[in-house]
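All the letters of the sequence shown, read from the start, carry residue numbers 987 to 1328 under this note's numbering.
Reading through the structure tokens given below for one structure.
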Amino acid sequence: MADRRISLALAAPGALPPDGRILLLRPRAEHDLHGLPKERLHLVQGFRPDFDALQAQCFAVSPEPEGDYGAAFVFVPRARAEAEALLAEAAMRTVPGGSIWVDGAKTDGIDGILKAVRARLPVDEPISKAHGKIFRFTAPGPAALADWAGQIYTPAPGFQTVPGVFSAEAVDRGSALLGAALPARMPARVADLGAGWGWLSAQVLAREGVEECHLIEAEYAALACARANITDPRARFHWADARNYRPEARFGAVVMNPPFHTARSADPALGLAFITAAQAMLSLSGTLYMVANRHLPYVAHLKTLFREVDELGDDPGYRLIRAQRPLAASAKRATPPSRAAR
Ligand SMILES: C[S@@+](CC[C@H](N)C(=O)[O-])C[C@H]1O[C@@H](n2cnc3c(N)ncnc32)[C@H](O)[C@@H]1O
């Protein structure tokens, strides 16, 4: 685990400067950070569930870095381009001469990152522990890794994305199928749960009758892409965990291609929680349109929450589901306004 590696790293001579803020890029809720000087830390985490959990532990946490830092820790994500962008950010934000520590699991590609940094800069002897590595290099100034920053993809004409967001380089096939299966006319208020960089919401906004489309997305960077991609004034953007988002008024339709992976592994519970949340957000005459890989165990759960569940189309890989008439018991749940809307 990262915390065991961090303890070893902190024992190294001059591991941290005696003062100055310390940047932590992408720490996760499960990281034990108690060995680090809490009052000097600034955690940057854009994934709302981790952000909320870290804030609840009284850390200073924001979705984006602010200003310069005396040292940095980078917790590498699995997506290589995103990891490189984080290293470029750390190099840009850490005063030259400060330490930049890079931690990651083998399964997240820490060895490849180590090799790539070593090809450019001197790196201290890495510390291996708990199926991962932590290594340090001296902040080289902003220019040294600048070419790892700012990569932009164009997954579809008129849409831009950044490394690390879901399906950054092309429209997801499941989302494309769902987009094509949506009816020509949709209710006035629609929500897109886990809206990503906005492609599915754009399909909703192309339908007749839509007056508001609410994009609810946990990943700050993805939502920032969606804001840039969708300039339609009917779009509303919410940086929120869809599982506990409560709208001010119920929606006439929800569309979604729910996530089924946490940072580490496949987790169908996530999709089940999205279904429960979608049902609670719908009016009693509302409809859920969703797409999911055929092997995922969602239909039984849908049938406990909706009176009518049917399939649109018969794609061999994806199930396109329309669920109508939410059952009243949970649809009557209180829905206080969300505080996460931004
Ligand atoms: C399978 S992707 C679909 C993205 C987008 N709708 C599309 O079609 O390209 C699922 C999305 O859910 C987001 N997500 C994951 N967990 C979430 C949560 N708890 N609340 C809201 N969004 C979440 C992910 O960041 C990702 O953008």
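Ideal Cβ placement from N, Cα and C applies to all residues, glycine included.
Quantities reported herein were computed from a predicted structural model and do not represent experimental measurements.
Within 10 angstroms of the beta-carbon of P1219 lie fewer than 16 other beta-carbons, which makes it exposed. Residue state for D1005 is assigned as coil, using DSSP reduced to three classes. Taken from the Cβ of P1149, every heavy atom of ligand 1 lies 6 Å or farther away.
Remark: the C-beta of L1163 is outside contact range of ligand 1, defined as less than 6 Å to any heavy atom. Here DSSP, grouped into helix, strand and coil, assigns A1266 to helix. In the three-state reduction of the DSSP assignment, Y1284 falls in the coil class, being assigned neither a helical nor a strand state.
From the listed residues A1039, E1198, E1050 and A1214, the smallest Cα separation to V1030 is found for E1050.
For D1038, the distance from the CB to the nearest heavy atom of ligand 1 is not below 6 Å. When the Cα atoms are used, R1079 and R1293 turn out to be separated by approximately 54 Å.
Of the residues E1198, R1193 and R991, the one whose Cα lies closest to the Cα of A1167 is R1193. Within the DSSP bridge table, the entry for S993 names no partner.
The three-state secondary structure of T1147, taken from DSSP, is strand. A straight-line Cα-Cα distance of about 24 Å links D1097 and I1008.
Here R1308 is buried, its C-beta having at least 16 other C-beta atoms within 10 Å.
Taking each of R1280, P1173 and L1201 in turn and checking the Cα distance to L1270, the smallest one comes out for P1173. Beyond the five residues adjoining it in sequence on each side, G1006 comes within less than 6 Å, by CB distance, of G1056 in the same chain, given in chain order. Beta-carbon to beta-carbon, K1115 and L994 are separated by about 6 Å, close enough to satisfy the 8 Å threshold.
The C-beta distance from F1237 to V1176 rounds to 6 Å, short enough to meet the 8 Å contact threshold. The alpha carbon of P1143 has as its nearest neighbour, out of A1154, W1134 and G1136, the alpha carbon of A1154. Here DSSP, grouped into helix, strand and coil, assigns W1225 to strand.
Comparing alpha carbon positions, the residue from Y1284, C1211, E1075 and A998 closest to R1305 is Y1284.
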